[in-house]
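This report concerns only the one structure given below.
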Amino acid sequence: MADARGERLLQAVARLHRWATRHAELEVSPAQARLLALMGEVGPARVGDLAEADHCSQPTMTAQVQRLEARGWAEREPDPTDGRASLVRLTPAGSTVLRRARKARAAVVSPLLADLTPHEQQVIDEAVTILTRLVERDAKA
């Protein structure tokens, strides 16, 4: 039963995210939005680490990062632990684009949430709190 619950949860969250991305007016592609979000979450990181986190090849991630760099949304800096390597991080402009993308997706979801009953809204709030706690607990492990 727990496996089925996990599958249903992941499917619902993925569908909601895809739906919001499809209906939001974004200035970036879904792949760029995903990479900006990942970079915002992990902070400065090596391209290989970003590729691993995004489950793609390093050449694919290198190309994606180069597209963000070309738009001024990402930049490289020396890796303080390894002079041969570099870290990629969001620029202030990249952080701004990420915030706008998140707001655009939230704007298309908000009317759906407004149609829920007060009890359903409370359940959503509680679920978000629980899911956040689970993810943060795993990140600390």
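So the sequence shown is numbered by the UniProt record's numbering: it starts at 1 and just counts up by one.
C-beta: ideal position from N, C-alpha, C; glycine also.
Secondary structure at A24: coil, using DSSP grouped into helix, strand and coil. A Cβ-Cβ separation of about 7 Å places L68 in contact with Q32 under the 8 Å criterion.
DSSP places D125 in the helix class (H, G or I) of the three-state scheme. C-alpha of S57 to C-alpha of E136: approximately 26 Å in a straight line.
Residue environment analysis places A101 among the buried positions, since at least 16 neighbouring C-beta atoms fall within 10 angstroms of its C-beta.
With fewer than 16 other beta carbons inside 10 angstroms of its own, V128 counts as exposed. Between R89 and G48, the beta carbon gap of about 15 Å keeps them out of contact (Cβ cut-off 8 Å).
Spatial neighbours of A20 in its own chain (CB-CB distance under 7 Å, excluding positions within 5 residues in sequence) are listed in chain order as R105, V108 and V109.
Shown here, S29 sits in coil according to DSSP, grouped into three states, outside any helix or strand.
Distance from the CA of D54 to the CA of L35, rounded to the nearest whole angstrom, comes to 8 Å. Cβ contact annotation for L50 (same chain, cutoff 6 Å, sequence separation greater than five): M61, in chain order. Residue state for L38 is assigned as helix, using DSSP reduced to three classes.
Ranked by Cα distance from P80, the first of H119, R46 and I124 is R46.
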